[in-house]
Structure formats: C-alpha cells, structure tokens
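Engineer:
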Amino acid sequence: MNTSSSVASRPVGERGAFQTNHLESPTLPSRYYTDDAIYRRELHAVHYRNWCYIGHVSDIPRPRDYFTDTIAGQPIFGMRDRSGEIRAFFNVCQHRGHEL
C-alpha cells in the first residue's frame with residue numbers, strides 16, 4: 031500500500047488548492063480577533079467547558095515538580111505530587127482569592 035502524499039498526488043482544483051496569496055485566503059473578519067464580546071463568548075463556549083492542554087508530563091518528571099501558567103485569563107498551577115500523581119489547580123488562595 032502506497033501512503034505517499036507527494037505534491038503530485040494531492041487533490042487539485044478549488045478544493046485541494048493551497049493559497050499562497052494571503053489576501054485571497056479565507057479568513058474571519060478582523061473583529062473576531064479584537065472584539066471583547068466575541069472573546070468572552072469564545073471563552074465561555076470553548077475554553078471554560080473543555081479540557082485545555084497546560085503542559086506535558088515531561089515538564090514535571092519528578093515528585094514535587096511544578097509549573098504555573100495562565101490559560102484563558104485563569105492562573106493555573108500544575109504539579110506532580112509526592113506519590114507521582116499529576117494534579118492541576120486554579121493558582122489562587124482559597125481564603126483571599128489571590129494568586130499564589
């Protein structure tokens with residue numbers, strides 16, 4: 031079975047065409063990249079309802095290794111606990127709600 035995907039074997043025509051002129055490539059209207067209301071809707075519809083990738087297991091190879099990051103405006107704390115389990119939390123103090 032030949033699974034090669036050389037340029038000659040790829041689809042041609044409108045459906046298979048690769049656009050080299052970025053001005054002719056289909057894209058969203060610019061407001062989708064700058065409008066705060068659209069951003070908030072996207073956060074609630076996508077990011078807050080689904081799992082988000084925050085890192086790879088190789089980022090925390092040993093017990094007590096950790097990292098922090100921000101995803102969709104939320105501070106995140108990822109760690110490998112003493113027993114080797116990987117855990118992730120919102121990086122905020124339960125008492126005052128301040129970032130740790």
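Position 58 (the sequence shown) corresponds to 88 in this note's numbering; numbering is contiguous.
For each residue, glycine too, the CB sits at the ideal point set by N, CA and C.
So, with DSSP's three-state summary, where would you put residue 72?
Structural biologist: Locating residue 72 in the sequence shown gives position 42, counting from the first residue. Residue 72: helix per DSSP, three-state reduction.
Engineer: In angstroms with no decimal places, state the Cα-to-Cα distance between residue 69 and residue 62.
Structural biologist: One-based indexing of the sequence shown puts residue 69 at position 39. One-based indexing of the sequence shown puts residue 62 at position 32. About 8 Å.
Engineer: With residue 64 as the anchor, note down where its alpha helix (DSSP H) starts and where it stops.
Structural biologist: Locating residue 64 in the sequence shown gives position 34, where the first residue counts as 1. It spans 61 to 64 - the alpha helix (DSSP H) in which residue 64 sits, taken as one unbroken run.
Engineer: Considering only the beta carbon of each residue, do residue 107 and residue 73 sit closer than 8 Å?
Structural biologist: As a working note, residue 107 is residue 77 in the sequence shown. As a working note, residue 73 is residue 43 in the sequence shown. Cβ distance not < 8 Å, so residue 107 and residue 73 don't count as in contact.
Engineer: Taking the straight line between their C-alpha atoms, what separation do you get for residue 90 and residue 54?
Structural biologist: Taking the first residue of the sequence shown as position 1, residue 90 is located at position 60. Taking the first residue of the sequence shown as position 1, residue 54 is located at position 24. Rounded to whole angstroms, residue 90 to residue 54 spans 43 Å at the Cα level.
Engineer: Just verifying my parser: in three-state terms, what is the DSSP assignment at residue 89?
Structural biologist: As a first step, residue 89 must be located in the sequence shown, where it is residue number 59. Correct three-state label for residue 89: helix.
Engineer: So the beta strand (DSSP E) residue 100 belongs to, where does it begin and stop?
Structural biologist: Within the sequence shown, residue 100 is the residue found at index 70, counting from 1. Element bounds for residue 100: 96 to 101.
Engineer: So, using beta-carbon positions, are residue 126 and residue 110 closer together than 8 Å?
Structural biologist: The sequence position of residue 126 within the sequence shown is 96, counting from 1. The sequence position of residue 110 within the sequence shown is 80, counting from 1. No, the Cβ-Cβ distance between residue 126 and residue 110 is not below 8 Å.
Engineer: With a CB to CB cut of under 7 Å and the five nearest residues on each side skipped, what residues in its chain are close to residue 97?
Structural biologist: In the sequence shown, the residue the question calls residue 97 occupies position 67. So the list reads 85, 89, 90 and 108, once near-sequence residues are dropped.
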